[in-house]
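Residue numbers for the sequence shown, in this note's numbering: 194 to 497.
Quick reminder that beta carbons are idealized off the backbone N, C-alpha and C, glycines included.
Below is one structure, written out as structure tokens; comments come after it.
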Amino acid sequence: MRQRVTAILVALALVVGAAYLRSVLHDDQADGNATNHGSGTPVVACTPDLQPVCDALAAKGAIAAHTPTLDLDRASDPAAIKDLDGWITWDPAPGIADADATDRAWDQPLVMGSAPMVLLVADNARPASCRAKVTWGCLAGSAPTETAIGLGDPRAAEGIVRIAPVATELSTDRDYTTLNSNKLQALLSGPLVAVGEDAMAQGTALITQNGSLAGVVGPKLLMDRLASGPRAGRATSEPVTPRFDATVVLAPRAGGDGIGNLGDCSGRAAADAALRGAGVEPCTGKLAADDLAGFLYQVRKKVG
194 MRQRVTAILV ALALVVGAAY LRSVLHDDQA DGNATNHGSG TPVVACTPDL QPVCDALAAK
254 GAIAAHTPTL DLDRASDPAA IKDLDGWITW DPAPGIADAD ATDRAWDQPL VMGSAPMVLL
314 VADNARPASC RAKVTWGCLA GSAPTETAIG LGDPRAAEGI VRIAPVATEL STDRDYTTLN
374 SNKLQALLSG PLVAVGEDAM AQGTALITQN GSLAGVVGPK LLMDRLASGP RAGRATSEPV
434 TPRFDATVVL APRAGGDGIG NLGDCSGRAA ADAALRGAGV EPCTGKLAAD DLAGFLYQVR
494 KKVG
């Protein structure tokens, strides 16, 4: 009898051990295929135009590799962001996403870098309304029938921040109820402007396709690089007044596992070259005014 009981206990132990082993193997495979939660490496997504920043950080082991890109269209979707610890994007995209979310999606962003927005023009061919001086007011007042100004796609984080200073000029004190959305829509859909293209693509088109655009709004370092390129000819990068900065931020996900030392500028040094490639100077700048996210959320709804 004793031998029979012992045999039963041994058999049960073998079954339990096998089940445990399968569980461990399954968990390891799931971790390897999905995220690196529990490993201490934060899982961070980037907007499509900032993917080189994520690639640079992943190459140094600062963040998990192979994270999908994330833009405004999914940044408030709980299913899309549940496995993320952070999001590298343009300010104030996290605030815009929060305005669209049932529950808060992102915590207070951390500044990664910034640069003033400027206007890239070819052959000194400024828009007719900006002959004397380039201001956001003259760009906002340019005729839609002119050769178009490359602004941005209001559905994208990169695009909405490029639109922000012009939309501000077409409203009173960033009150969305006063926004001249018809004029803004006309500027966004002007001749030969491909909505959905970022500043790099539009700036390249301005330089390589004569007459395609009268100018392109974008961050200074990027526009300066395009203006000094071998195919740029007499393209120039011109300041626009009043100054408006584009800022790249890292937003921790609300309730996430944390972003490690990425909260400190030295922890993001691996991405400095990629940040400059995107047009901003690393470790400079400040967050946008509190009212900008709410205003741009409404702008996006009206013209996106």
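- In this structure, Leu250 is the residue among Asp264, Leu265 and Leu250 with its C-alpha nearest to the C-alpha of Ala258.
- Of the residues Val409, Ile353, Cys331 and Gln378, the one whose Cα lies closest to the Cα of Gly343 is Val409.
- Shortest Cα-Cα distance from Gly334 to any of Asp346, Gly345, Pro320 and Pro347 involves Pro320.
- From the listed residues Arg469, Lys479, Pro432 and Asp417, the smallest Cα separation to Cys323 is found for Pro432.
- Cβ-Cβ distances below 7 Å link Gly497 to Pro347 and Arg348 in the same chain, with the five nearest sequence neighbours on each side left out; the list follows chain order.
- Looking at Pro302, Asp284, Arg418 and Asp368, the one whose alpha-carbon comes closest to that of Arg355 is Asp284.
- Judged by beta-carbon spacing, Asp276 lies within the 8 Å limit of Val236, meaning their Cβ atoms are closer than that value.
- Under the 10 Å beta carbon count, Lys413 is surrounded by 16 or more other beta carbons and is classified as buried.
- Runs of the alpha helix (DSSP H) spanning 4 or more residues and lying entirely within the stretch 440-471 occur at 465-471, in chain order.
- Residue pairing by DSSP leaves Val246 without any beta bridge partner.
- Less than 8 Å separates the beta-carbon of Ala463 from that of Ala255.
- Nearest Cα to Phe437 within the set Glu390, Val327 and Ala268: Val327.
- Considering only Met393, Ala252 and Thr282, the residue with the shortest C-alpha distance to Thr262 is Thr282.
- Within the DSSP secondary-structure output, Pro432 pairs in a beta bridge with Val311.
- By alpha-carbon distance to Asp296, the top candidate from Thr234, Lys494, Asp270 and Asp242 is Asp270.
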